[in-house]
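Position one of the sequence shown corresponds to residue 1411 (the numbering used here), numbered consecutively onward. Just so it is clear, CB atoms sit at the ideal spot from N, CA and C, and this is done for glycine as well. Just so we're clear, the structure is a prediction, and the values are computed from it rather than from any experiment. Shown next, in C-alpha cells, is the structure this report addresses.
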Amino acid sequence: MLPLQLQLTLPSWIGDVADTQRRYVSDEERVGLAIELSRQNVARGSGGPFGAAVFEADSGRLMAVGVNRVLPQSCSLAHAETMALMLAQQRAGQPRLNQAGGRYVLASSAQPCCQCYGALVWAGIDALLIGARAEDVEALAHFDEGPLPADWVGELTRRRIAVRRDILRDSARTVLAAYGAGGTPY
C-alpha cells in the first residue's frame, strides 16, 4: 500500500528559542532569531545549519519557525524556509499568507536555495530578510544551493517581494563555518 500521509516535525527545543510573546520589530531581531535557530539546530544535532521564521510585518508577531530537518525526516523538502512557510500557512488557514490583506515577512539565516526561492514566490510573503549569502553557504557548509535566475532579487521585486540581504551576515557565516568544520555529511 502506498503511504497516504506525510508528517514532518520540528525538534522539541524550538519553544526554548522562539518566543511567541515577543514582538520582533526590527529586521535584525527577525534574522537574529533565524540565525539562533540555525545555531541551535547544529549544536543540538537536530539538522542542518539553517533557520527561518515568518512574522506579521506590521506587528512583529511570530507566526512560525523552521529549521532544516532533511536528514532527521528523510525528506529533501524539509528545509528551514519551507518548514516555516508550511507551518505559517497552516496556522493562518490559507495557502497564500497575504491573500486576506495582511503583510508577512520571511527571515532566513541564509539566502534561500532554488527550492525555497520557488516556495516563497507562491507563499504570500511580502518581504525576505537574509543573513548569509549563497556563496557563504557553498564555501563554508559545502552545500549546492542550485540554480537561481540571474536576477533573482529583481524577479522577487517584480513580484512585490522586497529583499534585504547581509543582515547579521557575520553571525550567520559563523554557524555555517562551524557546521562545515564539523564534517557532518548532508
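Alpha-carbon spacing of residue i relative to residue j, whole angstroms
i: D1576; j: S1484; result: 30 Å
i: R1570; j: M1411; result: 43 Å
i: V1585; j: G1503; result: 33 Å
i: L1443; j: E1491; result: 13 Å
i: I1535; j: T1567; result: 11 Å
i: T1430; j: L1447; result: 14 Å
i: Q1415; j: G1476; result: 20 Å
i: Y1589; j: M1493; result: 20 Å
Chain-order list of residues whose beta-carbon lies under 8 Å from that of residue i (same chain, five-residue window excluded)
i: R1574; result: D1437, A1537, L1538, L1539, I1540
i: W1423; result: Q1450, R1454, S1456
i: I1445; result: G1461, S1519, G1541, L1578, S1581, A1582, V1585
i: G1556; result: C1523, C1524, Q1525
Beta-carbon spacing of residue i, residue j below 8 Å
i: A1529; j: L1495; result: yes
i: L1418; j: R1479; result: yes
i: A1498; j: M1473; result: yes
i: L1558; j: Y1527; result: yes
Buried versus exposed, by CB contacts within 10 Å (16 or more), residue i
i: S1519; result: buried
i: L1507; result: buried
i: R1433; result: exposed
i: P1459; result: buried
i: Q1500; result: exposed
Sequence-distant residues of the same chain with beta carbon closer than 6 Å to residue i, five excluded per side
i: F1553; result: V1547
Sequence-distant residues of the same chain with beta carbon closer than 7 Å to residue i, five excluded per side
i: R1440; result: Y1434, A1463, F1465, V1515, A1517, L1539
i: G1396; result: The structure shown does not extend to residue 1396, since the chain spans only 1411 to 1596, so no value can be given for it.
i: D1468; result: R1513
i: V1427; result: E1446, L1447, Q1450
Open item on the list: Runs of 4 residues minimum, wholly inside the region 1449-1523: which ones carry the alpha helix (DSSP H) assignment?
Closed with: The alpha helix (DSSP H) runs of length 4 or more contained entirely in the region 1449-1523 are, from start to end of the chain, 1480-1483, 1490-1502.
Open item on the list: Extract the residue ranges of the alpha helix (DSSP H) inside the region 1531-1555, only unbroken runs of 4 or more that lie entirely within it.
Closed with: List check, alpha helix (DSSP H) in window: nothing returned.
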